Structure formats: C-alpha cells, structure tokens
C-alpha cells in the first residue's frame with residue numbers, strides 16, 4: 053500500500069518503456085499473495101517443536117483458536133475484500149490494455165482454494181474431535197468464510213466484478229470437495245519432500261456432509277439476497293449461482 057502510489061516515479065527513466073513498472077507491479081502482487089499465504093497457514097495450523105525425550109512438552113500443538121479466527125478476519129479484510137488500493141489506473145493504463153481482473157482472480161482464488169484444502173479441513177476435524185469447541189471447528193471456519201465472502205447478501209449491496217469471480221470460485225471449490233479426492237503426496241521417503249501433506253479419504257470423512265450443508269445454506273442465503281439487490285448484474289450473478297448449486 054505504501055509502494056503503489058510511488059511505483060511510477062520509482063521506476064521512471066527517460067527514454068525507457070514501462071517494462072520495469074510492469075515487472076514490479078507483478079512482483080508486488082506476488083508479495084501480497086505470499087503474505088496471504090503466511091496468514092492462511094494459521095488456519096488448521098499446527099506448531100511443530102522438535103524435542104528429545106529429556107525435553108518437556110509436546111512436539112505438535114494446534115494453533116490457538118483466537119489466532120485462527122484472527123487469521124480468517126485478516127483474510128476477509130485484506131485478501132477477499134476487493135483490494136481497491138491496488139487498482140491504480142495511473143499504473144494499469146501504462147502496463148496493459150486489460151488483465152488485472154484475472155491477475156487478482158488468480159491470487160484470490162488461489163488463497164481460497166488452499167484455505168479449503170482437504171488436508172487443512174481434516175486437521176480442523178481432528179483437532180475438534182479432541183478439543184471440542186475450545187479449538188476453531190470446521191463448522192465455524194466454513195461459516196466465517198461464507199459470511200465474509202458473501203457479505204453483500206444481507207444488505208442487498210451491489211457485488212463488484214472481483215467479488216463475483218471470487219464467489220463463483222467458492223461454489224466451485226465446494227463442488228470440488230463434494231466430488232473429488234485430493235492428489236496423492238509426492239512419492240518420497242524424505243518427509244521434507246512430502247511437505248506437510250495430511251492424508252484424508254474425503255468420501256469417508258466429515259468433509260462432504262459439511263460441504264453439502266454449506267451449499268444448501270448458501271443457496272438459501274442467495275435466494276433471499278436476490279430479492280434485496282437492485283443492481284442488475286448482481287442479480288444475474290446470484291441467479292446464476294443458484295443454478296450452479298442446483299447442478300452440483
């Protein structure tokens with residue numbers, strides 16, 4: 053947010069085109085996306101503290117509920133709300149005739165898809181089975197996500213292009229949870245190469261019942277929201293979303 057207003061000036065050089073401006077604007081979006089990833093990791097996150105037998109305490113500890121909810125609130129405010137500060141026409145009209153809508157769609161939906169990654173949900177389910185409501189439950193996570201992504205519904209507000217893209221991506225990700233199994237982890241005996249993959253059989257877990265319930269709740273909220281909005285494109289979008297959920 054501090055860089056954007058200065059980016060044209062800081063990259064300017066007489067006789068040069070805007071190649072550097074284009075590159076640095078892309079790098080800025082990439083850095084913003086990395087920050088989103090750092091925050092996202094807290095949700096369904098587990099701290100790992102390597103210990104030997106003579107050291108007290110556990111190796112694995114679930115991230116506190118308050119921290120996970122704070123992470124969700126951050127993502128709603130700084131990631132999923134349209135980042136209007138980034139849509140500086142003084143920059144955009146110098147580097148491309150079109151394309152920023154898709155750039156932001158890729159970044160926002162990437163964060164959303166990783167947030168609704170089966171392994172992450174499986175960790176939330178497992179933590180809840182042990183800790184109950186003392187931890188961030190999957191039902192809370194799904195509800196917080198839905199209420200934030202679709203916040204326009206309750207007040208009948210117009211839904212902008214970026215948010216419409218994101219809302220459609222949310223429905224598509226719920227469809228993925230309903231129909232698909234996650235890819236297998238990298239084939240390696242080295243745990244560092246396998247990463248933090250959490251195995252889960254989606255079809256036999258609680259993930260699909262939750263996804264189905266979310267789709268039903270979302271359809272009801274969208275149906276009520278159609279009557280509240282006076283913006284034509286928003287109405288078309290919401291009617292289309294209802295049909296997409298019906299098809300799933």
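Residue numbers (my numbering): 53 to 300.
We treat Cβ as the ideally placed atom computed from N, Cα and C, and that holds for glycine.
Note that this is a predicted model, so its numbers are computed, not measured.
With DSSP as the reference, label residue 153 as helix, strand or coil. The residue you call residue 153 lines up with position 101 of the chain shown. Residue 153: helix per DSSP, three-state reduction.
Just to confirm my understanding: we take residue 210, look at its own chain, exclude 5 residues before and 5 after, and list those with CB closer than 6 Å. What are they? Your numbering for residue 210 matches position 158 in the chain shown. Excluding sequence neighbours, residue 210 sits near 283 and 286.
Option nearest residue 115 by Cα separation, candidates 133, 94 and 107: Taking the first residue of the chain shown as position 1, residue 115 is located at position 63. Of the listed residues, the one whose Cα sits closest to residue 115 is 94.
What are the boundary residues of the alpha helix (DSSP H) that includes residue 269? One-based indexing of the chain shown puts residue 269 at position 217. Where residue 269 is concerned, the enclosing alpha helix (DSSP H) stretches over 259 to 280.
Starting from residue 60, follow its DSSP beta bridges and name the residues at the other end. Within the chain shown, numbered from 1, the residue matching residue 60 stands at position 8. Looking at the DSSP assignment, residue 60 forms no beta bridge with any residue, so it has no partner.
What ranges does the alpha helix (DSSP H) occupy inside the region 126 to 198, keeping only unbroken runs of at least 4 residues that lie completely in it? 141 to 147, 152 to 167 and 170 to 183
Can you give the beta carbon distance from residue 24 to residue 170, rounded, assuming they're within the 8 Å contact cut? Since the first residue shown for the chain is 53 and the last is 300, residue 24 is missing from the structure and cannot be characterised.
Per-residue DSSP class, three states only, for residue 49: Residue 49 falls outside the range modelled here, since the chain spans only 53 to 300, and no answer is possible.
Length of the line joining the Cα atoms of residue 57 and residue 111: On the chain shown, residue 57 is found 5 positions in, with the first residue counted as 1. On the chain shown, residue 111 is found 59 positions in, with the first residue counted as 1. Taking the straight line from one Cα to the other gives about 45 Å.
Would DSSP call residue 331 helix, strand or coil? This structure cannot settle anything about residue 331, because the visible part of the chain is limited to 53 through 300.
Continuous alpha helix (DSSP H) stretch holding residue 228: start and end: The residue you call residue 228 lines up with position 176 of the chain shown. 213 to 231 is the extent of the alpha helix (DSSP H) around residue 228.
Opposing strand residues paired with residue 113 [DSSP bridges]: Looking up residue 113 in the chain shown gives position 61. DSSP lists 99 as partners of residue 113.
From which residue to which residue does the alpha helix (DSSP H) around residue 83 run? On the chain shown, position 31 is the one that residue 83 refers to. Note, residue 83: alpha helix (DSSP H), 71 to 92.
In chain order, what residues of the same chain have a beta carbon less than 8 Å from the beta carbon of residue 212, not counting five sequence neighbours either side? Translated into the one-based positions of the chain shown, residue 212 becomes position 160. Excluding positions up to five away in sequence, the list reads 134.
Closest by CA to residue 142, which one among 70, 221 and 233? Here the question's residue 142 lines up with position 90 in the chain shown. Of the listed residues, the one whose Cα sits closest to residue 142 is 70.
Within its chain, find whatever has a CB closer than 7 Å to the CB of residue 226; leave out the 5 residues flanking it on each side and keep chain order. Reading the chain shown from its first residue, position 174 is the one you call residue 226. 263, 266 and 267, listed in sequence order.
Three-state secondary structure assigned by DSSP to residue 291: On the chain shown, position 239 is the one that residue 291 refers to. Correct three-state label for residue 291: helix.
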